[in-house]
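For the protein sequence lines, the chains are A and B, in the order given.
Residue 518 is where the first sequence starts when you use the numbering used here, and the numbers rise one by one after that.
Residue 5 is where the second sequence starts when you use the numbering used here, and the numbers rise one by one after that.
Report on one structure; see the data block that follows.
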Amino acid sequence: MNFESILAHHLVDHKTSHKVIAVVAGLPVDMGLSPLIRTMWIACGIAIVALTFAARSESSLARVMRSMFEPLALFVRDEILEPIFGHHAGHYLPYFLTLFFFLLTCNLLGLVPHMKGVTANPWVTAGMAICTFGLIQYAGVKEQGLVSYVVHIVPGGVPLILWPLLFVIEVFGMFAKCISLCIRLFANMLAGHVVSLAFLCMIFIFAEMSKAIGTGMIIPSVGLALFIYTMDVLVSFLQAYIFTFLTALFVGGAVHPH
Amino acid sequence: MGDLLSPDLGLTVWTIVTFLCLVGILKAFAWGPLLKTVEEREARLKADREGAEKARAEAERIQKELEAQMAGVQAKSKELLAAATKDGEALRARLKAEAEADAAAIKAKTTADLAAEKDKLVGDLRKEVASLSVMAAEKLLHKSVDAGVQKSVLDGFFKDLDSTKKAGSN
Numbered sequence: 518m519n520f521e522s523i524l525a526h527h528l529v530d531h532k533t534s535h536k537v538i539a540v541v542a543g544l545p546v547d548m549g550l551s552p553l554i555r556t557m558w559i560a561c562g563i564a565i566v567a568l569t570f571a572a573r574s575e576s577s578l579a580r581v582m583r584s585m586f587e588p589l590a591l592f593v594r595d596e597i598l599e600p601i602f603g604h605h606a607g608h609y610l611p612y613f614l615t616l617f618f619f620l621l622t623c624n625l626l627g628l629v630p631h632m633k634g635v636t637a638n639p640w641v642t643a644g645m646a647i648c649t650f651g652l653i654q655y656a657g658v659k660e661q662g663l664v665s666y667v668v669h670i671v672p673g674g675v676p677l678i679l680w681p682l683l684f685v686i687e688v689f690g691m692f693a694k695c696i697s698l699c700i701r702l703f704a705n706m707l708a709g710h711v712v713s714l715a716f717l718c719m720i721f722i723f724a725e726m727s728k729a730i731g732t733g734m735i736i737p738s739v740g741l742a743l744f745i746y747t748m749d750v751l752v753s754f755l756q757a758y759i760f761t762f763l764t765a766l767f768v769g770g771a772v773h774p775h
Numbered sequence: 005m006g007d008l009l010s011p012d013l014g015l016t017v018w019t020i021v022t023f024l025c026l027v028g029i030l031k032a033f034a035w036g037p038l039l040k041t042v043e044e045r046e047a048r049l050k051a052d053r054e055g056a057e058k059a060r061a062e063a064e065r066i067q068k069e070l071e072a073q074m075a076g077v078q079a080k081s082k083e084l085l086a087a088a089t090k091d092g093e094a095l096r097a098r099l100k101a102e103a104e105a106d107a108a109a110i111k112a113k114t115t116a117d118l119a120a121e122k123d124k125l126v127g128d129l130r131k132e133v134a135s136l137s138v139m140a141a142e143k144l145l146h147k148s149v150d151a152g153v154q155k156s157v158l159d160g161f162f163k164d165l166d167s168t169k170k171a172g173s174n
């Protein structure tokens, strides 16, 4: 059996239509749709419907949902944003709440059968990292002004001769932070899928040796796969929190350079 | 697995567009009302807390006032009690002094009365004795003595008697 092909079948996205709108550095920007994009839209639809219903309806179900979402929203506001942004937290709150719930919904939806692991794709997490990079620049320029922001990219007290070198290093550091965000989320979410599939494939690998051993491996393999699946639920929350927290930290660094 | 890492800029662009649209949609339809509800509740809780703190401060102030008033009342009652005790003692001393003075006056008056009564009785007794003595002497002498003689005799007698009494007492 080819484990790699099984893994690729579950994780790799395949375009169902093609529409190249531009070519960047020799790479086509194909805006064609794919199952992964549809899964992402489904996640967005779920988030919009659930959150809007919870926020606007007065039914008992909405109250229950509101009592679930409010602690998460207050956690993002009080534990992540307010320590970093202080009284500016309210301005950035909708972005970070959306970021947290978008990532959480995509992470959890990736665990549902027939859905794609949206955040287990590096080009999706790259898109999220680009948004973070854009927010860092926007917040830095908005809070400090363009000149002050550019000057404060390099820490104060640096000798003038080292300033250009440190400026380049700091700019690279800014990119590195966003790339690390991208890789962290993608790798963590991918790992859960890989390990779950590896445990399930153990049944078939051992069955090729002996059908009796393969049959005996069913219960431990499924048990371990379920354990990893449960862990993935926790990792979904954890990674959404980490991405949101680190984004807030990086943006906070641009807002308060000292 | 190489396909997973092969560049897909379209997916990245779709992700960015989808996410930014989601930010706008959720900001308009979900976060606004949700955060408004939360902020209203927090404002209500804050107002309730402030009201409770204010009421507590008011209650503490009233308690302090009552304690101060109670302390004043206690001090005043102590003062009144002390004044009443002092007045009582002064009254008692005055009444005692008056009683003692009255008792002394009564005693002195009684003593004087008794002395006067005694003197009177002694005087009467003297006269009676003298009279009897004269009568006895008349009978012995068989002759009457006129009142002037009787008086001079009696005076001489009493004089002698007094001198004899004084000499005896000395």
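We put the beta carbon where it would ideally sit given N, CA and C, even for glycine.
Beta-carbon spacing of residue i, residue j below 9 Å
i, j, result
"A/Met645", "A/Leu568", "no"
"A/Lys633", "A/Thr556", "yes"
"A/Phe716", "A/Val739", "yes"
"A/Phe650", "A/Phe692", "yes"
"A/Ile554", "A/Thr622", "no"
"A/Gly627", "A/His531", "no"
"A/Phe592", "A/Ala579", "no"
"A/Leu528", "A/Leu707", "yes"
"B/Leu13", "A/Leu614", "no"
"A/Leu544", "A/Thr533", "no"
"A/Val671", "A/Leu683", "yes"
"A/Leu616", "A/Phe760", "yes"
"A/Tyr758", "A/Ile653", "no"
Min CB distance residue i to chain B below 9 Å
i, result
"A/Phe586", "yes"
"A/Met734", "no"
"A/Pro611", "yes"
"A/Ser551", "yes"
"A/Cys561", "yes"
"A/Gly627", "no"
"A/Arg573", "yes"
"A/Ser691", "The question names Ser, but residue 691 of chain A in the sequence shown is Met. Not an interface residue."
"A/Trp680", "no"
"A/Met548", "yes"
"A/Met719", "no"
"A/Asp530", "yes"
"A/Pro545", "yes"
"A/Ala564", "yes"
"A/Ala590", "yes"
"A/Phe602", "no"
"A/Leu614", "yes"
"A/Gly644", "yes"
"A/Phe618", "yes"
Nearest neighbour of residue i, chosen from the options [CA to CA]
i, options, result
"A/Cys648", "B/Ser156, B/Cys25 and B/Asp159", "B/Cys25"
"A/Ser665", "A/Leu625, A/Ser577, A/His773 and A/Ser574", "A/His773"
"A/Gly690", "A/Gly770, A/Leu677 and A/Gln661", "A/Gly770"
"A/Ile696", "A/Thr764, A/Ile736, A/Trp680 and A/Pro676", "A/Thr764"
"A/Phe602", "A/Gly657, A/Val635 and A/Ala742", "A/Gly657"
"B/Ala151", "B/Ala134, B/Ser167, B/Asp164 and B/Leu165", "B/Ala134"
"A/Val712", "A/Asp547, A/Val685 and A/Ala637", "A/Ala637"
"A/Phe587", "B/Leu39, B/Leu49 and B/Glu102", "Strictly speaking, residue 587 of chain A in this sequence is Glu, with Phe absent from that position. Comparing Cα-Cα distances from A/Glu587 to each of B/Leu39, B/Leu49 and B/Glu102, the minimum goes to B/Leu39."
Segment limits, alpha helix (DSSP H) that includes residue i
i, result
"B/Asp123", "Gly36 to Leu145"
"A/Pro513", "With chain A covering only 518 through 775, there is no way to say anything about residue 513 of chain A."
"A/Asp749", "Ile735 to Val772"
"B/Leu30", "Leu13 to Leu30"
"A/Val546", "No alpha helix (DSSP H) holds A/Val546; the beta strand (DSSP E) holding it covers Leu544 to Asp547."
"A/Met706", "Trp680 to Met726"
"A/Ser522", "Phe520 to Leu528"
"A/His608", "Ala606 to Leu626"
"A/Ser577", "Ser577 to Phe592"
"A/Glu660", "Pro639 to Gln661"
"A/Met632", "Element bounds for A/Met632: n/a, residue is neither H nor E."
Contact test: residue i Cβ vs the ligand NAD heavy atom, cutoff 8 Å
i, result
"A/Ala560", "Judged by which ligands are present, the structure shown has none, so any question about the ligand NAD falls away."
Cβ distance (whole Å) where residue i is taken to contact residue j below 8 Å
i, j, result
"A/Pro611", "B/Val42", "The Cβ separation is near 13 Å, so there is no contact."
"B/Phe33", "A/Ile565", "7 Å"
"A/Thr642", "A/Phe703", "4 Å"
"A/Cys718", "B/Thr22", "Actually they do not touch by this definition, with Cβ atoms about 32 Å apart."
"B/Leu15", "A/Trp680", "Between A/Trp680 and B/Leu15 the Cβ distance is about 38 Å, and since that is not below 8 Å, they are no contact."
Proximity test, Cβ basis, 9 Å: residue i and chain A
i, result
"B/Gly2", "There is simply no residue 2 of chain B to check, as chain B begins at 5 and stops at 174 in what is shown."
"B/Leu9", "yes"
"B/Ala47", "no"
"B/Lys31", "yes"
"B/Ile20", "yes"
"B/Asp52", "no"
"B/Val77", "no"
"B/Ala61", "no"
"B/Leu26", "yes"
"B/Leu15", "yes"
"B/Ala34", "yes"
"B/Leu70", "no"
Cβ of residue i within 9 Å of any chain C Cβ
i, result
"A/Ser697", "Chain labels in this structure do not include chain C; the protein chains are A and B."
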